[in-house]
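Each protein sequence line maps, in turn, to chains P and G. Under our numbering, the first residue of the first sequence is numbered 1, with each subsequent residue one higher. Under our numbering, the first residue of the second sequence is numbered 1001, with each subsequent residue one higher. The C-beta atom is built at its ideal place from N, Cα and C for all residues, glycine as well.
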Amino acid sequence: MDVFHYLALGFSVALTPLNLGLVLAGCFIGTLIGSLPGIGPINGVAILLPLAYSVGLPPESALILLAGVYYGAEYGGRISSILLNVPGDAGAIMTTLDGYPMAKRGEGGRALALSAVSSFFGSMGALLLMVIFAPLLSKLAIQFGPSEYVWLMIFAFTCLATMVGKRPIKTVVGVVIGLLLATVGIDSGTGILRFTMGIPNLFDGVDFLVVVIGMFAISEVLILLESWARNDLKLTPVGKSFVSFADLMAVKWVIFRSTISGFLIGVLPGTGASIASAVAYGTEKRFAEGKEEHFGQGDIRGLAAPEAANNASAAGSMVPMLTLGIPGSGTTAILLGALLMFNITPGPLLFEQQPNIAWGLIASMFIGNIALLVMNLPLIGLFVRLLSIKQSYLVPVIVMLTFVGIYSIHGDTFDLFFMIVLGVFAFILRKLGFSLAPVILGLVLGKVLEENLRRALSISGGDWFILFDGAITYVLAIATVLAIVLPKVMKLRKK
Amino acid sequence: MKARIATLLLASGLTLASAAHAFEPNKPSCIAPAKPGGGFDLTCRILSTGFAKAGITKIPMAVTFMPGGVGAVAYNYINATDPDDPNKLVAFSSGSLLNIAQGKFGRNLDENDARWVGTAGVDYGAIMVRADAPWNTLGELVDAIKKDPSKFVLGAGGGVGSQDWMKAAILMKSSGVDPKKMRYVAYEGGGEALAALLGGHIKVYPGDVGEMKGLVESGKVKVLAIMSPERLKGEFSNYPTAIEQGYDAEWTIIRGYYLGPKVSDEAYNYWSDQFQKAYNDPAFEKTVVDQNLVPFNMSGKTLDSYIKERVGYMRGLAKEAGLIN
């Protein structure tokens, strides 16, 4: 069997002492980077890339190190999401929805352990899918044209609509705020500046990370300050930190479904961890409808789904990068740059001409995931201790980290002011009972939706029927309709 | 590894010791006005590693990132905050020049608000179609477009008014088709546009020679014309230019560096001399070629007037295409 032969070759590359050491180092650095708000996988990989190059690592080793940082950061992003309600990176936004309520109940350890295990299964499942289906999937990925993306985004929006809370109208308003933010910047179609007020920093649109960190971290700090002023600060109880077998059995299908959808969304160029986790969360909420559920208040399914999905999408985004030379996410774009720096051209020929690089990388991801799980479970006890730190010490540290993280993106103070403004705005929204996740997702999805809708229409010359061109569009359209109708039908049948 | 660090330390010590020039750089850095990984990053890495390999700087220059508006944020930053800092070289490309020409770098900033100091190299436009497309020459493609320009979809990695759009518009103009009639689809970066070409969503992709390498080898893409003034040398010498096929469509993508507008003549001349030194060094040339660029050596005053002429030309093009008044 070809695949196993190559995989064996891959492991022989990945298991050399140097590469093994680099995987472990990469995963560790990645976890740290991911857990710091603002410094996500993109920055982590970008910072380490020149370092790896200048110490003269061979290309496969450098790639193994950088990929380790990448999925290590996807692991690490959940820590501050769960414990502090501050997502460490974009893929971890959905994790705050149920992870933080669990931590508040004193189940921080349980949440961390369960999310680590979900991440592990998400990654491993996605890697297996990648090994088996990579060539096939790369063909599917390029079949995905603008019309298909439009439907995928509409599907994601329908998942969102009932996603958060009891008041759908507030979710919708939140999404609209996100959509409005998405319109700022150079219009991709016509090149005209929209809503930039002549500020060059806004020409590329509002920076996604600034919005995430501003809205989540700064508003969280303000809320902490408020309860300190009112003198009703309570220390969060620290519970046990074991993942029980019963928990795992309860979410096994959640993980299974989320892994597959997360992987597929990751494979598509232009959609990444944040969309993957949103779709997974929405889908699971749909599945749970009519049954006993408390999504948004610390449901373990709402925690397992986005974690499995965002890790699966990290593996998925490697597929188009390795097979076609097309990055599936911002981080893989940098990995692609790394390959080019070593004079390696990714693409269909990579697997044939340089199997040691392609398969060595894949094998190292298997090893890295096991390492991450082994590394993460014992550390949970330590992470949870974060919660027992007095808020008067914790808050300044969070503030400092967010400021450093945001400043490091562009090296410009504009982002800091913008972050503060957004934070105050988000604080007001939260006081009014809005949830922040729809705002962020509106921002992400809105940009992709608008760009692709306009691409579709400029291909067809304004003919809307292009949205029903090809089998994939029908599949996605039907899925969208089912997502709206099915829960209603099931409710009726129950009655 | 340890020995390496030791040599680095020793070497940087030596730089300090050999202070002979009137102007001496102090921790020079290259600002890449984009996120890591793109063309500006590459431009800075050429300066950083190329100068180190040519022995001009003892250690590679630091690269910092300042993304926003194809260089607009960095341009504004240099003008507002550090107009006289002689140690900050900022990368630019034809894309930045095109935006300067259209006044997209800020209301009051134009090509006179920087000191253009040296080049990294150039790249050229390349007209690509899918390998199984029915056209084998630019002529055949243009005939097909002319039949019904509104049904023919071109796409590339930038919006209307970007360099990618400009390449398509120049091709249209040279074949007598009104660029405004062209059906153009904007993607986010060349990678996405390429995926769309392979997936059959767009028919023509005006990309760059620098992207051709792996693609042509893999047999997925066909290159119908290169938009260089003359035939390229080396591995791409088999590809005909658009000009030799009878279409006056040329697009040179220049990559280089500028200093702040108030940097002293002393420092400006120093850097200009260093670029000349680098151009004479085969190690620098190899760095440029390794990054899939064609060497294009120009520095100092010559470059400054070349850039100003180029921006003027682009302003003309933009006016013709109705992008600016």
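Residues are counted here when their Cβ sits less than 9 Å from a Cβ of chain P; for the stretch 1295 to 1324 of chain G these are L1323, given in chain order. In the DSSP secondary-structure assignment, P1206/G is bridged to I1127/G. Secondary structure in the stretch 427 to 494 of chain P: no beta strand (DSSP E) run of 3 residues or longer lies completely within the stretch. Residue burial annotation: H5/P is exposed, with fewer than 16 other C-beta atoms found within 10 angstroms of its C-beta. In the pairwise beta carbon analysis, the stretch 251 to 259 of chain P is classified as touching the stretch 300 to 308 of chain P: at least three pairs are separated by under 8 Å. Nearest CB-CB separation between N1079/G and chain P: not below the 8 Å threshold. The C-alpha of G1316/G lies about 54 Å from the C-alpha of V397/P. Only exposed fits A1080/G, as fewer than 16 other CB atoms lie within 10 angstroms of its CB. For the 8 Å CB-CB criterion, G108/P and I82/P form a contact. Residue environment analysis places E1192/G among the buried positions, since at least 16 neighbouring C-beta atoms fall within 10 angstroms of its C-beta. Rounded to the nearest whole angstrom, the C-alpha separation of A1242/G and K1222/G is 14 Å. For G1050/G, not one C-beta of chain P is nearer than 8 Å to its own C-beta.
Distances from the alpha-carbon of D1208/G to those of V1294/G, I1307/G, T1064/G, K1173/G put V1294/G closest. The CB of I213/P never comes closer than 7 Å to any CB in chain G; the least such distance is about 16 Å.
Taking a C-beta distance under 8 Å as the contact criterion, L335/P and V86/P do not qualify as a contact pair. At least one CB atom of chain P sits nearer than 8 Å to the CB of P1036/G.
Looking at G337/P, M375/P, F351/P, the one whose alpha-carbon comes closest to that of G1038/G is G337/P. Taking 8 Å as the threshold, the shortest C-beta distance from L20/P to chain G does not fall below it. Counting of Cβ neighbours within 10 angstroms places W359/P among the buried residues, the total reaching 16 or more. The beta-carbon of Y1184/G is placed less than 8 Å from the nearest beta-carbon of chain P.
In the three-state reduction of the DSSP assignment, Y1239/G falls in the coil class, being assigned neither a helical nor a strand state.
At a C-beta separation below 7 Å, E1230/G has no neighbours in chain P, since its nearest C-beta there lies roughly 25 Å away.
The three-state secondary structure of T332/P, taken from DSSP, is helix.
Sequence-ordered contacts of the stretch 1222 to 1251 of chain G with chain P are nonexistent [C-beta pairs closer than 7 Å]. Contact residues of the stretch 1053 to 1068 of chain G toward chain P are P1060, V1063, T1064, F1065, M1066, P1067, G1068 (C-beta to C-beta distance below 8 Å). Residues of the stretch 1105 to 1139 of chain G with a Cβ closer than 9 Å to any Cβ of chain P, in chain order: F1105, G1106, R1107. Taken in chain order, the complete beta strand (DSSP E) segments of 3 or more residues contained in the stretch 1244 to 1293 of chain G are 1252 to 1259. The DSSP-derived three-state label of T1064/G is strand.
Burial is judged here by how many other beta carbons sit within 10 angstroms of a residue's own beta carbon; K291/P has fewer than 16 and is exposed. Residue L324/P holds the alpha-carbon nearest to the alpha-carbon of E352/P among I478/P, L324/P, V489/P, V23/P.
With 16 or more neighbouring CB atoms inside 10 Å of its own CB, N19/P falls in the buried class.
Between V1160/G and Y1184/G the beta-carbon gap is near 7 Å, inside 8 Å, which marks them as a contact. CA-to-CA, the gap between F195/P and D1281/G works out to about 48 Å.
Here DSSP, grouped into helix, strand and coil, assigns Y6/P to helix.
Chain order gives no chain G residues near D469/P, where near means a beta carbon separation below 7 Å; the closest approach is about 10 Å.
Interface residue (Cβ-Cβ distance to chain G less than 8 Å): S188/P is classified as such.
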